[in-house]
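*Asks:*
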Amino acid sequence: ETGVTQSPTHLIKTRGQQVTLRCSSQSGHNTVSWYQQALGQGPQFIFQYYREEENGRGNFPPRFSGLQFPNYSSELNVNALELDDSALYLCASSLGGHVPREQYFGPGTRLTVT
Amino acid sequence: GQQVMQIPQYQHVQEGEDFTTYCNSSTTLSNIQWYKQRPGGHPVFLIQLVKSGEVKKQKRLTFQFGEAKKNSSLHITATQTTDVGTYFCAGLNAGGTSYGKLTFGQGTILTVHP
Chain A
1 ETGVTQSPTH
11 LIKTRGQQVT
21 LRCSSQSGHN
31 TVSWYQQALG
41 QGPQFIFQYY
51 REEENGRGNF
61 PPRFSGLQFP
71 NYSSELNVNA
81 LELDDSALYL
91 CASSLGGHVP
101 REQYFGPGTR
111 LTVT
Chain B
1 GQQVMQIPQY
11 QHVQEGEDFT
21 TYCNSSTTLS
31 NIQWYKQRPG
41 GHPVFLIQLV
51 KSGEVKKQKR
61 LTFQFGEAKK
71 NSSLHITATQ
81 TTDVGTYFCA
91 GLNAGGTSYG
101 KLTFGQGTIL
111 TVHP
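For the record, the sequence lines run as chains A and B.
Under my numbering, think of the first position of the first sequence as 1, with each following residue one higher.
Under my numbering, think of the first position of the second sequence as 1, with each following residue one higher.
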C-alpha cells in the first residue's frame with residue numbers, strides 16, 4: 001500500500017453536472033499529480049500541484065481545475081461533465097516538485113458520466 | 001506534442017518464457033520511469049532511468065535506457081504468473097516547459113499461462 005488515499009471510490013454523475021474528487025498524499029510528500037485513465041489506455045497527465053500552486057498542465061480544458069491544501073491533500077474539480085469524462089481518475093504523490101520522482105498512486109476514483 | 005509508444009500492445013507467454021516490452025518517444029527524454037498495473041489496480045512504480053545508455057536490474061527484470069534517450073525497454077527473464085499485469089513506461093520531455101508532465105505509453109498487457 002502506498003498511503004495515498006482517494007475518495008470516493010466510485011461515482012456516477014449526469015452530463016452537465018460538476019464533480020469533486022479528493023486525494024490525500026503519502027506522508028511527507030509535497031507534490032500531487034492527477035491523471036485520467038480511460039479503459040485500456042495509459043494514464044494521461046491532467047496537472048500537478050506543488051506548494052499549493054499548479055506546476056504543470058496537460059492537454060485538458062479549463063473545466064478541469066484543482067487545489068492543493070497546506071497539508072498537501074488535493075482536489076480535482078470537473079465542471080460541465082461530458083460523457084468522455086468517464087474514466088478512472090488517479091492521483092499520485094511524490095517528492096520534489098518540478099522534476100517528477102517516483103509517483104505513488106492512489107487506488108483511483110471510477111467516474112461514470114451518463 | 002510528445003508521444004510515447006509502446007510495443008507490443010499484448011503479449012501472451014508460457015510461464016518460464018522471457019518477455020520484453022519496448023518504449024519509444026517522439027522526443028528526447030530527460031528521464032523515463034516504468035510502472036506495473038495489476039488488473040483492477042493502480043500503477044506501481046518499478047524504476048527510474050536517467051542516464052543515456054543506463055541499464056538497471058531488479059531480480060528477473062532488466063531495464064535499459066537508449067543512448068539517444070528516446071527509447072527504453074523492460075525485459076523479464078523466466079516469467080512467473082505473478083508478473084501478470086500491464087507495464088507502462090512514462091517519460092519526462094527534456095527541456096519541456098510543462099514541469100512534472102509525465103507522458104505515459106499505452107502499456108503492454110502481459111498474460112502468463114501456467
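Cβ coordinates follow ideal geometry from the N, Cα and C atoms, glycine included.
Model, not experiment: these values are computed from the prediction.
Is the segment 15 to 31 of chain B touching the segment 69 to 87 of chain B in the sense that three or more CB pairs, one from each, lie closer than 8 Å?
*Replies:* At 8 Å Cβ cutoff, the stretches touch.
*Asks:* List the residues of chain B whose Cβ lies closer than 7 Å to the Cβ of N30 of chain A, in chain order.
*Replies:* Within 7 Å Cβ-Cβ: nothing; N30 of chain A doesn't reach chain B, min ~12 Å.
*Asks:* Going by beta carbon distance, what residues of the same chain come within less than 8 Å of K51 of chain B, once the five residues before and after it are set aside?
*Replies:* Hits under 8 Å: F65.
*Asks:* Just list the residues that DSSP pairs T103 of chain B with in beta bridges.
*Replies:* According to DSSP, T103 of chain B bridges with B:G91.
*Asks:* Leaving out five residues before and five after T62 of chain B in sequence, what residues of the same chain have Cβ atoms less than 6 Å from its Cβ?
*Replies:* Once the five neighbours on either side are set aside, the close Cβ partners of T62 of chain B are H75.
*Asks:* Residues of chain B with CB under 8 Å from N59 of chain A, in chain order?
*Replies:* Those within 8 Å of N59 of chain A in chain B are G1.
*Asks:* Checking contacts by CB at 9 Å: is E75 of chain A closer than that to chain B?
*Replies:* It does not; no Cβ of chain B falls within 9 Å.
*Asks:* Taking C-beta pairs closer than 7 Å, name the residues in chain D that K101 of chain B reaches, listed in chain order.
*Replies:* Here chain D cannot be found, since the structure's protein chains are A and B.
*Asks:* Could you please tell me which residues of the segment 3 to 18 of chain B, in chain order, have their CB closer than 7 Å to any CB of chain A?
*Replies:* Listed in sequence order: no entries.
*Asks:* Against P43 of chain B, what residues of chain A qualify as contacts under a CB-to-CB distance less than 9 Å, listed in chain order?
*Replies:* Within chain A, the residues near P43 of chain B are Y35, Q37, G42, P43, L90, A92, Q103 and F105.
*Asks:* List, in chain order, every chain A residue whose beta-carbon is nearer than 9 Å to that of Q58 of chain B.
*Replies:* Residues of chain A passing the Cβ test: none, with the nearest at roughly 13 Å.
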